[in-house]
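In our numbering, the protein residues as written are 10 to 348.
Written out as structure tokens, the structure is:
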């Protein structure tokens with residue numbers, strides 16, 4: 010099953026409730042960053058470029074719970090940095106499970122296997138393991154040899170213990186469609202609970218600025234990569250709304266929903282979205298009320314948004330589109346592994 014049935018039903022109920030209450034701007038996924046510190050230095054990442062005094066800081070469990078309750082989103086993604094470096098990550102996860110939030114704990118896999126005893130399998134917890142391709146490509150992306158093998162071993166160990174595991178792949182300029190197709194075939198052998206894919210976004214602080222995709226490059230590349238899937242020749246298990254995949258290939262033309270995935274970190278509520286460095290608000294209410302949302306998204310003319318097609322901005326748009334009667338059947342099909 011590509012998407013947890015209980016999760017799909019709860020998110021659908023949440024979306025309907027927000028609409029019935031007349032809310033125009035509401036979060037779907039909280040990007041909860043309990044620390045920026047990491048044990049890798051990926052060339053496409055801007056998070057670890059923060060000053061050392063920031064990298065040393067951690068959110069407390071109480072700060073995490075307060076942010077989750079203030080925001081109200083049904084899904085909590087825990088990126089970083091590397092969340093498993095946080096000394097209280099097990100307390101944070103357990104507290105979120107008790108609040109019945111659907112958690113995607115994003116990890117590079119280096120600490121995953123030896124951290125499994127800190128957690129219990131739950132329908133509310135999914136480990137999202139970063140893999141950008143097969144061994145040579147992935148190790149090149151993370152700038153360290155051996156990481157691919159460690160991550161794959163950890164995935165197998167987590168699945169053996171009954172945990173939900175997905176993979177998270179960022180696709181950059183220069184990726185060969187055939188290589189990515191072979192990678193997807195390999196991931197199917199790991200019996201994971203779905204694959205997540207997204208084009209890379211050009212973080213201003215990222216050391217490598219040469220391999221981020223422009224919008225038309227994204228559509229062309231994803232059409233090539235997903236051609237066997239769209240033709241019914243492959244049944245890859247994506248942990249995505251199929252409408253978002255349509256957007257990546259250019260079959261749908263969505264506008265960004267920047268408030269759909271707000272980010273909270275040691276610096277506060279990031280404005281306006283997870284991917285930009287434009288300052289912070291102290292409360293979620295201030296973020297929603299004081300941000301000039303017309304200045305963000307492709308149609309705004311903001312050059313920072315021109316080429317962005319990243320899942321955190323467009324999956325919420327696809328989720329709302331899935332609530333349209335003509336799209337419901339296809340969106341529900343993804344729950345049972347049919348796109």
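By construction, the Cβ of each residue, glycine as well, lies at the ideal position given by its N, Cα and C atoms.
- Residue pairing by DSSP places residue 41 opposite 273 in a beta bridge.
- Excluding its 5 nearest sequence neighbours in each direction, residue 179 has C-beta neighbours in its own chain below 7 Å: 53, 141, 207, 209, listed in chain order.
- When the five nearest sequence neighbours on each side are left out, the beta carbons in the same chain lying within less than 7 Å of the beta carbon of residue 99 are those of 127, 128, in order along the chain.
- Unbroken alpha helix (DSSP H) runs of no fewer than 4 residues, entirely contained in the stretch 41-112, are found at 61-64, 70-80, 98-107, following chain order.
- With contacts defined as CB atoms closer than 8 Å, residue 204 and residue 176 qualify as a contacting pair.
- Residue pairing from DSSP places residue 177 in a beta bridge opposite 139, 205.
- Per the coordinates, the alpha-carbon of residue 255 lies some 9 Å from the alpha-carbon of residue 232.
- Contact check between the stretch 114-121 and the stretch 58-71: fewer than three CB pairs, one atom from each, fall below 8 Å, which does not count as touching.
- Put simply, of 60, 85, 43, 80 the residue whose alpha carbon is nearest the alpha carbon of residue 96 is 43.
- For residue 230, DSSP records no beta bridge to any residue.
- Residue state for residue 134 is assigned as strand, using DSSP reduced to three classes.
- 51 is the residue among 305, 271, 51, 244 whose C-alpha sits nearest the C-alpha of residue 149.
- Residue state for residue 23 is assigned as helix, using DSSP reduced to three classes.
- Here the alpha carbons of residue 110 and residue 120 stand approximately 23 Å from one another.
- One Cα belongs to residue 317, the other to residue 173, and the distance between them is close to 29 Å.
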